[in-house]
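Visitor: Just passing along the structure, written as structure tokens.
Residue numbers (my numbering): 6 to 237.
Below, the structure is given as structure tokens:
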């Protein structure tokens, strides 16, 4: 395997990392805002569905309340027509039962009204948040799209060059390279620095240093990076 290929691969990967750094936190921020936007939409739709159901239940309770009131009024009118205590007690008992039902519906109506108000306020607040979020998201999407557009050609060229470099490197070396570059902040290949690793500064055995200067490639025993001799 050519040492030059590995060194050039590191240079390409460093340039690709620089391009990604230009985007900064924009991709992550856009992704987070997209998630927040979707969550708000789901919440608003869910609350609107609940509001619709409450309106339906309110209408049913109002209808029931009206029917109970009509029945109660008719029974009260009949009280004046009864001729004995037994009939009077029976009507009174039925009226009392209807009044309890009416009270239940009235309590339900109060709870429905409170829940309806809370949902309407929540929907209004979330719709306002969604509107502001959309404005912020549109700006960040636009910036991200522009940044991606500005770097697209250069990135495509670098990725093409990277693929060509990889084709000349054996699988075993690439396996180590990928592990090291992931573990060492994007730097897997470093030049020799005196008698030490140019990455972590650890001293290398003199025999290894001699062989590296002769053109061999070794991995630092401390950080795992590939160490090579950079000719002036």
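By construction, the Cβ of each residue, glycine as well, lies at the ideal position given by its N, Cα and C atoms.
So, helix, strand or coil for residue 222, using DSSP?
Guide: In this structure, residue 222 counts as coil in the three-state DSSP scheme.
Visitor: Determine, using beta carbons only, whether residue 4 and residue 177 come nearer to each other than 8 Å.
Guide: Examination of residue 4 is not possible in this model, given that the chain is present from 6 through 237 alone.
Visitor: Would residue 171 and residue 56 be called neighbours here (beta carbons separated by less than 8 Å)?
Guide: No, the Cβ-Cβ distance between residue 171 and residue 56 is not below 8 Å.
Visitor: Alpha carbon to alpha carbon, how far is residue 113 from residue 101? Give it in angstroms, no decimals.
Guide: One C-alpha to the other measures close to 18 Å.
Visitor: So, at 6 Å on beta carbons, what are the nonlocal neighbours of residue 234 in its own chain, with the 5 sequence-adjacent residues on each side left out?
Guide: Once the five neighbours on either side are set aside, the close Cβ partners of residue 234 are 197, 217 and 218.
Visitor: When we look at the beta-carbon of residue 231 and count the other beta-carbons within 10 Å, is it buried (16 or more) or exposed?
Guide: Result: buried.
Visitor: When you compare only the Cα positions, how much space is there between residue 79 and residue 123?
Guide: Their Cα atoms are separated by approximately 37 Å.
Visitor: With a threshold of 8 Å, are at least 3 pairs of Cβ atoms found where one atom belongs to the stretch 79-88 and the other to the stretch 161-171?
Guide: Segments in contact, no.
Visitor: Using only the alpha-carbon positions, how far apart do residue 58 and residue 149 sit?
Guide: Those two C-alpha atoms are separated by around 41 Å.
Visitor: Our contact map puts residue 138 next to residue 41 with C-beta atoms below 8 Å; I'd like the distance itself, whole angstroms only.
Guide: Residue 138 to residue 41, Cβ: 6 Å. Contact.
Visitor: Between residue 207 and residue 201, which are expected to be in contact by the criterion C-beta below 8 Å, what is the C-beta distance as a whole number of angstroms?
Guide: Indeed, because the Cβ distance is near 6 Å, the residues count as touching under 8 Å.
Visitor: Taking DSSP as the reference, what is the three-state secondary structure of residue 208?
Guide: If DSSP states are grouped into helix, strand and coil, residue 208 belongs with the strands.
Visitor: Measuring only the C-alpha atoms, how far is residue 146 from residue 30?
Guide: Cα to Cα, residue 146 sits roughly 12 Å from residue 30.
Visitor: Under the rule that 16 or more other beta-carbon atoms within 10 Å means buried, what is residue 47, buried or exposed?
Guide: That one is exposed.
Visitor: For residue 222, I'd like the list of residues in its chain whose CB is within less than 6 Å of its CB, leaving aside the five on either flank, ordered along the chain.
Guide: Result list for residue 222: 8, 231 and 233, in chain order.
Visitor: Could you please give the first and the last residue of the uninterrupted alpha helix (DSSP H) stretch that includes residue 195?
Guide: Run containing residue 195: none in the alpha helix (DSSP H); it sits in the beta strand (DSSP E), 194-198.
Visitor: In whole angstroms, give me the CA-to-CA distance for residue 203 and residue 133.
Guide: So the two alpha carbons sit approximately 55 Å from each other.
Visitor: How many angstroms separate the CA atom of residue 116 from the CA atom of residue 65?
Guide: For residue 116 and residue 65, the distance between alpha carbons rounds to 14 Å.
Visitor: If we call anything under 8 Å between Cβ atoms a contact, is residue 76 one with residue 118?
Guide: For residue 76 and residue 118, no; Cβs fall outside 8 Å.
Visitor: Do the CB positions of residue 142 and residue 49 come within less than 8 Å of each other?
Guide: No, the pair does not count as a contact, with Cβ atoms beyond the cut-off.
Visitor: Report the residue from 214, 183, 111 and 129 whose alpha carbon sits nearest the alpha carbon of residue 4.
Guide: Any question about residue 4 goes unanswered here, given that the chain covers just 6 to 237.
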